[in-house]
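Engineer: Numbers in full-length UniProt numbering are just positions in the sequence shown, counted from 1, shifted up by 21.
Sharing a structure, written as structure tokens. Questions coming.
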Amino acid sequence: RAQLLSESIRLNQVGFYPDAPKIAIVVGEVSGPFQITTPDGKKVLFSGTLSEPRQNAISGKIAHTADFSALHTTGTFVVVVPGLGRSYPFSIRPAVNRDLAIGALKGYYYQRASIALPESFAGQWHRPAGHPDTHVLIHPSAASVTRPEGTTISSPRGWYDAGDYNKYIVNSGITMGTLLSLYEDFPDFCRTLVTTIPESKNSLPDLLDESLWNLRWMLTMQDPVDGGVYHKLTNARFDGMIMPGQAEKDRYVVQKSITATLDFAAVMAQASRVFRHYNRELPGLADSCITAAVHAWQWAKQNPTMRYDQNAMNGQFEPDVVTGGYEDRDASDEWIWAATELYLTTKDEGYYKAVNLFPDEKTPLPSWSQVRTLAYYSLARFGNKLTPVGQKDLAQLKNRLIQFADQLRQGIDKQAFQTVMGKSPSDYIWGSSAVAANQGIALIQAYQLTNDRAYLDAALTNLDYLLGRNATGYSFVTGFGSKTPRHPHHRPSVADGIEAPVPGLLSGGTNANAARQDKCVGYTSTFADEVYLDDDCSYASNEIAINWNAPLVYLAAALEALQKK
Ligand code: 9MR
């Protein structure tokens, strides 16, 4: 008999690979048997017993595991806990994350600036073009002899950063680095990811065509005279909740910054490597990219203290700029990333030696403000192909990555939701969904180095987290799962008059400090792992952003690519 839905049963609402671990977490004081049945309840495929209770270290709440890893039958099922009810449906099948990988990559298409999205590609989310960005003002903070205040540059294309319509180089940096690394790590698999975009018919993989939309914008953000890169292209203040085509505010490029310029150098160096393979289709692009990267590096050498400090800037120039800051006091990690990508592309050991690659024992989790480990990933990818200076450090480097993954993996079994994510309450920051996804990437790197499937299984726990096995019960990806964000802080999703939000976008997710940060009314919990609100006022827990989607694309695609082995 069909059971009523119980929100106490938390699980990946998309599904599981036939041979991978499969668990649901049942929250609350229950015990005894559970079953896996068809959604109508007519057929029982598996019976098991709930685990002993475990206490959630953050909230003190009780959790039990329903482990049905031994079920390998493909199909669509639910978990039933007698007396409690059933879970959301999920499937067990090969390639279960393929649609997610494609959908999350397609998310970037919807974020494109300066182009109309026709119905043939965007479905019900079709919309007119917005932000041509062909007459972008030089903000007084960015004025130079050749580009004085009030002159304009053309800087079209790119992806909107997030729920807002501005374009920020720093955040584009890690986003592009993550997507291009996915390509470099799994080129053959990436060619199979078809997102149905205007460029799908050309000979490039859609992942690269999509990345090109942003790469071409990034190239326009470099001052051709000195090589420095403007920190962002932005309105002075955020747009209202309007569609892109209705936005009319002036757009500016602001001061050049050390972090933007180094992130740009890293991306361009990596892009040069990647697009070198498509020299026939894109003649000259790879050369332009490496030239741009080297020029940026030279600017950085001459301007190492050029931090972007919006508060200090405001008051000095007209108008004040109050949009996203992406401010970062410490550029040492950006130096490491830029030097590494330049070294890998040019094989010039001077870049490698220009920085201290291992300033301490840490392997920091990548984020927009911390890109050191992206350098380690790239070096590990090249492995034995490194020149002698790189070879010398290779063993140490691999050890670091493996140790980092071991730390992540350690103690999952004691965690309420049996995920890598959330072992520490400090995981629940602004954009915590990307913490989970980036932890997953770190585990995949360790798998690549060791072939130990335990790392893959650990990475899967965080995909399970993102898709519903968590303290909120939400799958954080719009359109993927049963209980998904309906009201993300995302201007098109709010303003388009269509009920469903734009699909394939990863909500920032649980954020312990969200209520204090966005002051949105309606949060129902103060436990770090539960502070999430599906309301568009909640920009601190329910915005979407390109740097969060990228590790989701990586994680889903890499897991797909590796399951096939
Ligand atoms: O992702 C950023 C997060 O780490 C910061 O804590 C937060 C506040 O500064 O800003 C986030 O980035 C936002 C950016 O500044 C503007 N566009 C939306 C981004 C996601 O919320």
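Yeah, the Cβ is synthetic: ideal placement off N, Cα and C, and Gly gets one too.
(1) Around the C-beta of A571, are 16 or more other C-beta atoms found within 10 angstroms, so that it is buried, or is it exposed?
(2) Taking 8 Å as the cut-off, is the C-beta of G128 nearer than that to any heavy atom in the ligand 9MR?
(3) Any contact of the region 549-558 with the region 502-513, i.e. 3+ C-beta pairs under 8 Å?
(4) Whole-angstrom Cβ separation of L564 and A183, contact assumed at under 8 Å?
(5) Would you kindly work out how many angstroms separate the C-alpha atoms of G543 and G518, rounded to a whole number?
(6) Just tell me which of L526, R402, G500 has its CA closest to the CA of Q469.
(7) Could you spell out the range, first to last residue, of the alpha helix (DSSP H) harbouring S454?
(8) Cα-Cα, which of P387, Q466, P409, Q412 is closest to A426?
(9) In whole angstroms, what separates the C-alpha of P153 from that of N187?
(10) Flag S388 as yes when its Cβ comes closer than 8 Å to any non-hydrogen atom of the ligand 9MR, and as no otherwise.
(11) Taking only heavy atoms of the ligand 9MR into account, decide whether any of them is closer than 8 Å to the Cβ of D206.
(12) What number of angstroms, rounded off, separates the C-alpha of K586 from the C-alpha of R474?
(13) Residues around the ligand 9MR, please: the condition is that the C-beta lies closer than 5 Å to some non-hydrogen atom of it.
(14) Could you say if the region 256-266 and the region 230-242 meet the contact criterion of at least three C-beta pairs nearer than 8 Å?
(15) DSSP on Y251, reduced to helix/strand/coil?
(16) Report buried or exposed for V250, applying the criterion of at least 16 other Cβ atoms within 10 angstroms of its Cβ.
(17) Taking DSSP as the reference, what is the three-state secondary structure of K586?
(18) In the UniProt domain "Cellulase Ig-like" (28-106), which residue ranges form an unbroken beta strand (DSSP E) of at least 3 residues, counting only runs that do not cross its ends?
(19) Start and end of the alpha helix (DSSP H) containing L365?
(20) Taking 9 Å as the cut-off, decide whether the C-beta atoms of A549 and A536 are in contact.
(21) Closest to L546 by CA distance: which of T493, G500, A292, T312 is it?
(22) What residue from S27, Q417, F285 has the CA that sits closest to residue 622's CA?
(23) Considering only the alpha carbon of each residue, which of D61, F67, K82, A23 lies closest to Q436?
(24) Name the residue from T482, R75, S562 whose alpha carbon lies nearest to the alpha carbon of C541.
(25) By Cβ distance below 8 Å, which residues in the same chain neighbour residue 7 in space, the five residues on each side in sequence not counted?
(26) Only counting the same chain, and skipping five residues up and downstream in sequence, which positions put a Cβ closer than 7 Å to that of W356?
(27) Specify the secondary structure class of F207 as computed by DSSP and reduced to three states.
(28) Rounding to the nearest angstrom, what Cα-Cα distance links N483 and G529 in this structure?
(29) Between the region 89-105 and the region 23-37, do at least 3 Cβ pairs fall closer than 8 Å?
(30) Compute the beta-carbon to beta-carbon distance between I423 and T196, rounded to the nearest angstrom, for a pair I have assumed lies under 8 Å.
(31) Considering Cα atoms alone, identify which of V47, T394, A521, G489 is closest to T199.
(32) Can you name the start and end residues of the beta strand (DSSP E) that I113 belongs to?
(33) By DSSP, does Y129 sit in helix, in strand, or in coil?
Structural biologist: So, from the data block:
(1) Buried is the call here.
(2) no
(3) yes
(4) According to the sequence shown, residue 564 is Glu rather than Leu. Right, the Cβ-Cβ distance comes to about 5 Å (below 8 Å), so this counts as a contact.
(5) Cα to Cα, the separation comes out at about 23 Å.
(6) R402
(7) 453-471
(8) Q466
(9) 12 Å
(10) yes
(11) no
(12) At K586 the pLDDT is 45, less than 50, meaning the model places this residue with poor confidence; the figure from the coordinates comes in the next sentence. Between K586 and R474, the C-alpha separation is close to 11 Å.
(13) D182, A183, D185, G345, W451, G452, E564, A566
(14) no
(15) strand
(16) buried
(17) Residue confidence is low: K586 scores 45 on pLDDT, short of 50, so the model does not pin down where it sits. No coordinate-derived value is stated.
(18) 44-48, 54-58, 65-70, 83-88, 96-102
(19) 353-367
(20) no
(21) This sequence places Ser at residue 546; Leu is not what is there. Nearest option by C-alpha distance: T493.
(22) The first residue shown for the chain is 22 and the last is 586, placing residue 622 beyond what the model contains.
(23) K82
(24) S562
(25) There is simply no residue 7 to check, as the chain begins at 22 and stops at 586 in what is shown.
(26) L283, V376
(27) In the structure shown, F207 sits in coil (DSSP, three-state: anything other than H, G, I, E or B).
(28) Spanning the two alpha carbons is a distance of roughly 14 Å.
(29) yes
(30) 26 Å between Cβ atoms; not a contact.
(31) T394
(32) Residues 111-113.
(33) helix
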